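**Q**
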Amino acid sequence: MTKVQEKDWEPKIIAFLCNWCSYAGADLAGVSRYQYPPSIRIVRVPCSGRVSPNMILDALKNGADGVLVSGCHPGDCHYISGNLYARRRFALLKRFLEFIGIEPDRVNFTWISASEGEQFAKVVTEITERVKRLGPATRLVKEF
Amino acid sequence: MSTINQRIEQELIGVAKELLASKKVEALIGYKRGTMPMTMTPFVARSSEEAEKLCWNSFCVLNLANYLPQVLRSFEPPRRPNDPPPKGPLPKVGIVVTGCWSRNIVVQIQENQVERDRIVIIGISSRGMIDKKKVHERVGGKEVTNVEEEDNRLIVKGPGFSKEINRWDVIRDNCKSCIHPDPSIYDILIGDLKGDRQISNRFSQVEEIESKDIDERWQWFMDEISSCIRCYACRNACPLCYCPTCFVDDSRPQWVGKSKEQVDTALFHILRAYHCAGRCTDCGSCESACPMGIKMRILTKKLQKDVFELYGFEPGLNLDEPLPLSTYRLEDPQDFILTDIKMGDKK
Numbered sequence: 007m008t009k010v011q012e013k014d015w016e017p018k019i020i021a022f023l024c025n026w027c028s029y030a031g032a033d034l035a036g037v038s039r040y041q042y043p044p045s046i047r048i049v050r051v052p053c054s055g056r057v058s059p060n061m062i063l064d065a066l067k068n069g070a071d072g073v074l075v076s077g078c079h080p081g082d083c084h085y086i087s088g089n090l091y092a093r094r095r096f097a098l099l100k101r102f103l104e105f106i107g108i109e110p111d112r113v114n115f116t117w118i119s120a121s122e123g124e125q126f127a128k129v130v131t132e133i134t135e136r137v138k139r140l141g142p143a144t145r146l147v148k149e150f
Numbered sequence: 068m069s070t071i072n073q074r075i076e077q078e079l080i081g082v083a084k085e086l087l088a089s090k091k092v093e094a095l096i097g098y099k100r101g102t103m104p105m106t107m108t109p110f111v112a113r114s115s116e117e118a119e120k121l122c123w124n125s126f127c128v129l130n131l132a133n134y135l136p137q138v139l140r141s142f143e144p145p146r147r148p149n150d151p152p153p154k155g156p157l158p159k160v161g162i163v164v165t166g167c168w169s170r171n172i173v174v175q176i177q178e179n180q181v182e183r184d185r186i187v188i189i190g191i192s193s194r195g196m197i198d199k200k201k202v203h204e205r206v207g208g209k210e211v212t213n214v215e216e217e218d219n220r221l222i223v224k225g226p227g228f229s230k231e232i233n234r235w236d237v238i239r240d241n242c243k244s245c246i247h248p249d250p251s252i253y254d255i256l257i258g259d260l261k262g263d264r265q266i267s268n269r270f271s272q273v274e275e276i277e278s279k280d281i282d283e284r285w286q287w288f289m290d291e292i293s294s295c296i297r298c299y300a301c302r303n304a305c306p307l308c309y310c311p312t313c314f315v316d317d318s319r320p321q322w323v324g325k326s327k328e329q330v331d332t333a334l335f336h337i338l339r340a341y342h343c344a345g346r347c348t349d350c351g352s353c354e355s356a357c358p359m360g361i362k363m364r365i366l367t368k369k370l371q372k373d374v375f376e377l378y379g380f381e382p383g384l385n386l387d388e389p390l391p392l393s394t395y396r397l398e399d400p401q402d403f404i405l406t407d408i409k410m411g412d413k414k
């Protein structure tokens with residue numbers, strides 16, 4: 007990996023968005039012309055319940071500076087309860103990663119519905135700022 | 068005069084012989100003496116003569132529940148994955164359990180790895196098992212050729228020395244912080260039940276790490292795993308690890324590299340521990356099996372603590388209570404989720 011100058015460093019954030027709410031929310035943000043930083047790379051997943059810790063850690067391993075996982079609000083899941091199972095999984099994962107020394111702001115979770123385009127833009131802006139404050143990820147990044 | 072463990076051993080051999088002779092079980096999983104002092108070997112007795120070899124003492128550190136699904140399967144007629152289950156009753160298997168192992172069996176039953184009707188559980192209330200690494204430390208790493216165990220002390224002998232050690236001083240960390248020494252599920256009980264132990268803070272080891280700042284915690288984690296040789300003994304000793312293909316063996320996608328590089332080792336330990344979330348009963352097998360003395364139990368203990376704090380769940384105590392990650396409640400805590408309020412109102 008080539009080292010970039012700090013001033014023009016823009017974080018890379020992998021966003022796992024669920025097909026039914028958050029991905030549509032991201033689409034709405036675009037259609038509605040809300041501005042947000044170009045830091046995120048979106049991976050469309052069928053449900054936030056599809057996102058396993060393996061995938062989050064794999065993103066970090068491959069050099070992502072941050073990860074965002076977003077699904078439908080509790081009660082709105084297309085598959086009734088996928089996001090509720092995911093919520094338990096992520097709660098434990100987030101606490102665990104903090105325990106072993108991964109900065110809390112690297113791994114983020116949120117709920118965004120298909121009508122929340124503005125909220126999506128806000129979340130991405132906020133997370134980009136937080137990750138920028140942390141600087142490039144070094145922990146769990148594998149140098150190939 | 069015989070010690071508590073010797074009396075249990077005698078009774079265990081009697082029970083095992085009876086079970087095997089009457090064909091109530093086809094095999095019985097227990098321990099026999101190993102070839103080295105302080106090392107007991109997991110052992111499957113298949114006849115009442117073999118049951119004579121069974122032993123019981125404070126060095127039975129590996130979790131016998133680990134072998135249960137395999138031994139049960141060995142008595143089933145061979146079949147392909149989609150074939151219907153065999154008709155008629157299948158042979159039963161007996162197993163010796165203490166508190167934590169019995170809780171693992173409960174988890175195995177809940178995860179459909181083991182059928183309750185096919186096992187006969189011989190329960191023993193645990194007095195705590197000994198960490199032989201601690202014994203070696205006490206004698207300054209000298210060669211140990213013989214260890215005599217009494218109820219409250221050990222007499223360790225080697226070439227040119229003999230040392231008396233207080234038993235509780237060399238008990239494993241997980242046994243010291245265990246509050247349920249009694250088996251939660253059993254058919255035959257040997258010895259008495261002791262009831263739950265009172266411990267001021269069973270998560271003190273975890274809290275010690277939590278009190279450090281984030282860089283120190285990362286340093287601690289890296290130091291702890293730096294000696295890992297990726298032998299996967301911790302995985303193989305674990306009764307929860309039964310996936311046909313483990314995530315470390317997956318090659319497409321390759322979640323964890325095969326190298327000894329720090330990142331790969333770290334990922335292995337993170338994922339291994341995480342897979343045990345809400346299932347681990349803190350039996351300490353992983354730590355006892357580790358040839359490098361890595362304290363990876365603290366990782367699973369942390370998850371155990373979180374599961375207990377967030378969902379009030381302890382694995383293996385109740386067959387009817389679903390495992391925490393296979394269920395949910397609408398009102399589960401979600402303060403880690405980013406919401407409007409926490410983000411502030413930014414334009």
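Top line first, the protein sequences correspond to chains A and B.
Position one of the first sequence corresponds to residue 7 (the working numbering), numbered consecutively onward.
Position one of the second sequence corresponds to residue 68 (the working numbering), numbered consecutively onward.
Glycine residues also receive a C-beta, built at the ideal position from the N, C-alpha and C atoms.
Only a predicted model underlies this, so the values are computations on that prediction, with no experimental measurement involved.
1) Would you mind stating whether A/C27 and A/S119 have Cβ atoms separated by less than 9 angstroms?
2) Where does A/V129 fall in DSSP's three states?
3) Listing by chain order, which chain A residues have their CB less than 7 angstroms from the CB of B/K369?
4) Starting from the C-beta of B/K414, find all residues in its chain whose C-beta is less than 6 angstroms away, skip the five residues before and the five after it, and write them out in chain order.
5) Starting from the beta carbon of B/I281, find every residue of chain A whose beta carbon is closer than 9 angstroms, and list them in chain order.
6) Cutting at 7 angstroms between CB atoms, please list the residues of its own chain near B/F375, excluding the five before and the five after it.
7) For B/G383, count neighbouring Cβ atoms within 10 angstroms of its own Cβ and tell me buried if that reaches 16, exposed if not.
8) Distance check for B/I75 and B/T212, CA to CA, integer angstroms please.
9) How is the beta strand (DSSP E) around B/G97 delimited, first residue to last?
10) Examine chain A for any beta-carbon lying closer than 9 angstroms to the beta-carbon of B/M289, and answer yes or no.
11) Tell me the DSSP secondary structure of B/M289 in three-state form.
12) What's the gap between the Cα of A/F110 and the Cα of B/S278?
13) Residues of chain B with a CB under 8 angstroms from the CB of A/L23: which are they?
14) When you compare only the Cα positions, how much space is there between B/T70 and B/E215?
15) Counting contacts by CB-CB distance shorter than 9 angstroms, is B/E277 in contact with chain A?
16) Hey, could you find the ends of the beta strand (DSSP E) B/I189 is sitting in?
17) Can you tell me whether B/S229 is buried or exposed? The criterion is at least 16 other CB atoms within 10 Å of its CB, across all chains shown.
18) Scan the segment 27-51 of chain A for residues whose Cβ lies nearer than 9 angstroms to a Cβ of chain B and list them as they occur along the chain.
19) Who are B/T108's beta bridge partners in DSSP?
20) Would a C-beta distance cut-off of 9 angstroms place B/R234 and B/E217 closer than the cut-off?
21) Using a Cβ-Cβ distance cut-off of 9 angstroms, determine whether A/V147 contacts chain B.
22) In three-state DSSP terms, what is B/I238?
23) Just to confirm, is the Cβ distance from A/L98 to B/L334 under 9 angstroms?
24) Does the pairing of the segment 149-159 of chain B with the segment 196-203 of chain B give three or more beta-carbon distances under 8 angstroms?
25) Mark B/T165 as exposed unless 16 or more other C-beta atoms lie within 10 angstroms of its C-beta, in which case mark it buried.
26) Compute the distance between the beta-carbons of B/A344 and B/L392, then report whether it is under 9 angstroms.
27) Name, going along the chain, the residues of the segment 317-347 of chain B whose beta-carbon falls closer than 8 angstroms to a beta-carbon of chain A.
28) Restricting to Cα atoms, I'd like to know which of B/I246, B/C357, B/P306 and B/A94 is closest to B/L159.
29) If you draw a straight line from the alpha carbon of B/L129 to that of B/T106, how long is it in whole angstroms?
30) How many whole angstroms separate the CB atoms of A/K18 and A/R47, which I take to be in contact at a CB cut-off of 8 angstroms?
31) Go to A/C24, then tell me how far its beta strand (DSSP E) extends in each direction, as first and last residue.
32) Leaving out the 5 sequence neighbours to the left and right, which residues in its chain are closer than 7 angstroms to B/D412 when beta-carbon positions are compared?
33) Using the C-alpha atoms, what's the distance from B/P358 back to A/C78?
34) So which residues of chain A does B/Q177 contact, with C-beta pairs closer than 9 angstroms?
35) Determine whether the Cβ of B/I404 lies closer than 9 angstroms to any Cβ atom of chain A.
36) Buried or exposed for B/N124, please, with buried defined as at least 16 other CB atoms from any protein chain shown within 10 angstroms of its CB.
**A** Taking the definition as stated:
1) Taking the C-beta atoms as reference points, A/S119 is found nearer than 9 angstroms to A/C27.
2) Secondary structure of A/V129 (DSSP, three-state): helix.
3) Near B/K369 (Cβ distances below 7 angstroms), the residues of chain A are F102 and F105.
4) Caution is warranted here: a pLDDT of 39 is assigned to B/K414, below 50, making its placement in the model unreliable, and the coordinate value is therefore given only provisionally. No residues qualify anywhere along the chain.
5) E104, G107, I108, E109 and P110, listed in chain order.
6) Non-local C-beta neighbours of B/F375 in its own chain, meaning closer than 7 angstroms and more than five positions away in sequence, comprise E381, ordered along the chain.
7) Classification of B/G383: buried, given that the 10 Å Cβ count is 16 or more.
8) Cα to Cα, B/T212 sits roughly 24 angstroms from B/I75.
9) In the DSSP assignment, B/G97 falls within the unbroken beta strand (DSSP E) covering A94 to R100.
10) True, the Cβ-Cβ gap to chain A drops below 9 angstroms.
11) Of the three classes helix, strand and coil, the one that applies to B/M289 here is helix, per DSSP.
12) The question names Phe, but residue 110 of chain A is Pro in the sequence shown. Taken atom to atom, the span from the alpha-carbon of A/P110 to that of B/S278 is near 15 angstroms.
13) Simply none; closest approach about 14 angstroms.
14) C-alpha separation (whole angstroms): 11 angstroms.
15) Judged by the 9 angstroms Cβ criterion, B/E277 is in contact with chain A.
16) For B/I189, the enclosing beta strand (DSSP E) stretches over residues I186 to I191.
17) By the neighbour-count rule (16 or more Cβ atoms within 10 Å), B/S229 is not buried but exposed.
18) So nothing in the stretch comes that close.
19) The partner list for B/T108 (beta bridge, DSSP) reads B/K99.
20) With contacts defined as CB atoms closer than 9 angstroms, B/R234 and B/E217 qualify as a contacting pair.
21) Nearest CB-CB separation between A/V147 and chain B: below the 9 angstroms threshold.
22) Three-state result, B/I238: strand.
23) In terms of Cβ geometry, A/L98 and B/L334 do not form a close pair [threshold 9 angstroms].
24) Between the segment 149-159 of chain B and the segment 196-203 of chain B, the count of Cβ pairs shorter than 8 angstroms is below three; the stretches do not touch.
25) Looking at its Cβ environment, which holds 16 or more other Cβ atoms inside 10 Å, B/T165 is buried.
26) Yes, the Cβ-Cβ distance between B/A344 and B/L392 is below 9 angstroms.
27) For the segment 317-347 of chain B, residues whose beta-carbon sits nearer than 8 angstroms to a beta-carbon of chain A comprise P320, W322, G324, E328, V330, D331, A333, L334, I337, L338, A340, Y341, A344 and G345.
28) The question names Leu, yet the displayed sequence has Lys at residue 159 of chain B. Nearest option by C-alpha distance: B/A94.
29) Cα-Cα distance, rounded: 10 angstroms.
30) Yes, A/K18 and A/R47 are in contact; Cβ-Cβ is about 7 angstroms, under 8 angstroms.
31) Note, A/C24: beta strand (DSSP E), I19 to C24.
32) Unreliable placement is indicated for B/D412, whose pLDDT of 49 sits below 50; no coordinate value is reported for it.
33) So the alpha carbons of these two residues sit roughly 45 angstroms apart.
34) Close to B/Q177, with beta-carbon spacing below 9 angstroms, lies no residue of chain A; the smallest spacing is near 16 angstroms.
35) Output row for B/I404: interface = yes.
36) When all chains shown are included, B/N124 counts as buried.
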